[in-house]
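Chemist:
Protein chains in written order, with this note's numbering: chain A, 3 to 194; chain B, -8 to 148.
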């Protein structure tokens, strides 16, 4: 009296598989998070009392101040965010060895030979009341300035964008245009 | 010779509708998935700032998120309207960040810890004071690799 069990229809198996495939395809690629990547400086050791680092010369520092009303003071000049990039590029590149712009040290770099590498440091200081949007816009311009310089050099030397170069070529360019953005503690003075 | 010519109306075969449910299912799946599956429910309102020099975060499993923004309306009675920090599923204080980072580290493989990234998802209109405090805490926890989450903006000029 054993009744035969009816065969499970397997026609829809392919559909199920497809659905799973699509499911995983979609879940792994959707919603790519992107953002400005930065590295924070490590905490200074507690016993650091006497500061042995030599003071940085005025001409080597590019001071960007942002106040609580989101206004910019760049090297003692009022600037808008749109003008910041050009100014930062000029500072980091210093093509004509202007004495008011940062010094350079000659260093041997692979692929390039001896190159003058800027000693410039970008110093960013914001007020506690600065809005985050402005802060990101300023950071973006500063990072963009360095990226622009790197890209221009890559185009000029290798005829390719910086992202498309080999690792060691990228390293060489990074050495010529280092990303040196330092952030000071925000000022808590001056009201809200 | 009209052996092959059939007389009468030649009907157009009906479109098979048997695969319609599958198609619908697929669409359903697509929309279910693409409407951002979040692991945490956001309790703060965040409008990300715009930027151009973005880099994508590569390993999503190694990213820990810190959300900052004004609380949603239903939490405003308790938590006010000032921007607050959200870690995982709850509101937190600045002092909780170190514990959060330590917990995040412990949940990952030891070899992967150095490449961990902390992503800050902060509302555009937040004041920098709170962000600065978070950064100080991250420095103390030596979670130095951070990412300011932002949206893509079309390049100026």
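From the three backbone atoms N, C-alpha and C, an ideal C-beta is built for every residue, glycine too.
Is any beta-carbon of chain B found at less than 8 Å from that of residue 48 of chain A?
Modeler: No, residue 48 of chain A lies away from the interface with chain B (no Cβ there is under 8 Å from its Cβ).
Chemist: Taking the C-alpha atoms as reference points, what is the distance between residue 66 of chain A and residue 64 of chain B?
Modeler: Roughly 37 Å between the two C-alpha positions.
Chemist: Whole angstroms is fine: what's the gap from residue 201 of chain A's alpha carbon to residue 136 of chain B's?
Modeler: With chain A running from 3 to 194 in the structure shown, residue 201 of chain A is simply not present.
Chemist: Quick one: is residue 133 of chain B buried, meaning 16 or more other Cβ sit within 10 Å of its Cβ, or exposed?
Modeler: It counts as exposed.
Chemist: Among A:94, A:10, A:102, A:129, which residue has its Cα nearest to the Cα of residue 59 of chain A?
Modeler: Checking every option, the nearest Cα to that of residue 59 of chain A belongs to A:102.
Chemist: Any C-beta of chain A sitting closer than 8 Å to the C-beta of residue 133 of chain B?
Modeler: Closer than 8 Å to some Cβ of chain A, the Cβ of residue 133 of chain B qualifies, so yes.
Chemist: Run through chain A and tell me which residues come within less than 7 Å of residue 126 of chain B, C-beta to C-beta.
Modeler: Neighbours of residue 126 of chain B on chain A, chain order: 42.
Chemist: By a C-beta neighbour count over all protein chains shown, 10 Å radius and 16 as the cutoff for buried, is residue 128 of chain A buried or exposed?
Modeler: So residue 128 of chain A counts as buried.
Chemist: Would you report the Cα separation of residue 150 of chain A and residue 52 of chain B, rounded to the nearest angstrom?
Modeler: For residue 150 of chain A and residue 52 of chain B, the distance between alpha carbons rounds to 31 Å.
Chemist: Where does residue 101 of chain B fall in DSSP's three states?
Modeler: The answer is helix: DSSP assigns residue 101 of chain B an H, G or I state.
Chemist: What separation, rounded to the nearest whole angstrom, lies between the Cα atoms of residue 155 of chain A and residue 62 of chain A?
Modeler: Distance between the alpha carbons of residue 155 of chain A and residue 62 of chain A: 21 Å.
Chemist: Residue 41 of chain A bridges to which residues according to DSSP?
Modeler: Residue 41 of chain A pairs with B:136.
Chemist: Excluding the 5 residues flanking residue 69 of chain A on each side, which residues of the same chain have their C-beta closer than 6 Å to its C-beta?
Modeler: Hits under 6 Å: 129.
Chemist: Run the CB neighbour count on residue 168 of chain A, radius 10 Å, all protein chains shown included, and call it buried at 16 or more, exposed below.
Modeler: Counting Cβ neighbours within 10 Å, residue 168 of chain A comes out exposed, since fewer than 16 surround it.
Chemist: In angstroms with no decimal places, state the Cα-to-Cα distance between residue 44 of chain A and residue 124 of chain A.
Modeler: Computed Cα separation, rounded: 18 Å.
Chemist: Look at the Cβ atom of residue 70 of chain B, then the Cβ atom of residue 82 of chain B, and state whether they are nearer than 8 Å.
Modeler: Cβ distance < 8 Å, so residue 70 of chain B and residue 82 of chain B count as in contact.
Chemist: Could you name the residues of chain B that residue 127 of chain A contacts, counting a contact when the two beta carbons are closer than 9 Å?
Modeler: Those do not exist, as residue 127 of chain A stays about 10 Å from chain B at its closest Cβ, beyond 9 Å.
Chemist: Given this structure, state the Cα-to-Cα distance separating residue 135 of chain A from residue 7 of chain B, to the nearest angstrom.
Modeler: Going by the C-alpha atoms only, they are around 54 Å apart.
Chemist: Cβ of residue 54 of chain B within 8 Å of Cβ of residue 98 of chain B?
Modeler: Not a contact, by the Cβ cut-off of 8 Å.
Chemist: Look at the alpha carbon of residue 108 of chain A and the alpha carbon of residue 116 of chain A, and state the distance between them as a whole number of angstroms.
Modeler: So the alpha carbons of these two residues sit roughly 6 Å apart.
Chemist: Thinking C-alpha only, which one of A:144, A:161, A:17, A:24 is nearest residue 185 of chain A?
Modeler: For residue 185 of chain A, the nearest C-alpha among the options comes from A:144.
Chemist: Could you tell me whether the Cβ of residue 181 of chain A comes closer than 8 Å to any Cβ of chain B?
Modeler: So no, residue 181 of chain A is outside the interface.
Chemist: At least one CB of chain B closer than 8 Å to the CB of residue 139 of chain A: is that the case?
Modeler: Yes, its Cβ sits closer than 8 Å to a Cβ of chain B.
Chemist: Spell out whether any CB of chain A is found under 8 Å from the CB atom of residue 114 of chain B.
Modeler: Yes, residue 114 of chain B counts as interfacial toward chain A.
Chemist: Within the region 118 to 155 of chain A, note down every full alpha helix (DSSP H) run reaching 4 residues or more, in order along the chain.
Modeler: Correct list: empty.
Chemist: Does DSSP classify residue 52 of chain B as helix, strand or coil?
Modeler: Note: residue 52 of chain B maps to helix in three-state DSSP.
Chemist: Exposed or buried, which one is residue 148 of chain B when buried takes at least 16 other CB atoms within 10 Å?
Modeler: The pLDDT assigned to residue 148 of chain B is 46, lower than 50, so where the model puts this residue is not dependable, and the model offers no usable value.
Chemist: With H, G and I counted as helix, E and B as strand and the rest as coil, what does DSSP make of residue 161 of chain A?
Modeler: Here residue 161 of chain A sits in coil by DSSP.
Chemist: Below 8 Å on the Cβ atoms is my contact criterion, and I expect residue 121 of chain B with residue 59 of chain B to pass it. Report the Cβ-Cβ distance as a whole number of Å.
Modeler: Confirmed, about 6 Å.
Chemist: Unbroken alpha helix (DSSP H) runs of length 4 or more, entirely within the region 58 to 107 of chain A: which are they?
Modeler: Entirely contained in the region 58 to 107 of chain A, the alpha helix (DSSP H) runs reaching 4 residues are, in chain order, 83 to 95.
Chemist: Residue 122 of chain B touches chain A at which residues, Cβ-Cβ below 8 Å?
Modeler: Those within 8 Å of residue 122 of chain B in chain A are 134, 137.
Chemist: I need the DSSP call for residue 144 of chain B, collapsed to helix, strand or coil.
Modeler: Note: residue 144 of chain B maps to coil in three-state DSSP.
Chemist: Take residue 95 of chain A and list the residues in its own chain whose beta-carbon comes closer than 7 Å to its own, dropping the five residues that flank it on each side.
Modeler: For residue 95 of chain A, where only same-chain residues beyond five positions count, the Cβ hits under 7 Å are 151.
Chemist: If we count the other Cβ atoms within 10 Å of its Cβ and call it buried at 16 or more, is residue 115 of chain B buried or exposed?
Modeler: Under this definition residue 115 of chain B is a buried residue.
Chemist: Check whether the Cβ of residue 130 of chain B lies closer than 8 Å to any Cβ atom in chain A.
Modeler: Yes, because at least one Cβ of chain A sits closer than 8 Å to the Cβ of residue 130 of chain B.
Chemist: Who are the near neighbours of residue 36 of chain B in its chain, counting only those whose CB is closer than 7 Å to its CB and skipping five residues on each side?
Modeler: Excluding sequence neighbours, residue 36 of chain B sits near 60, 61, 63, 114.
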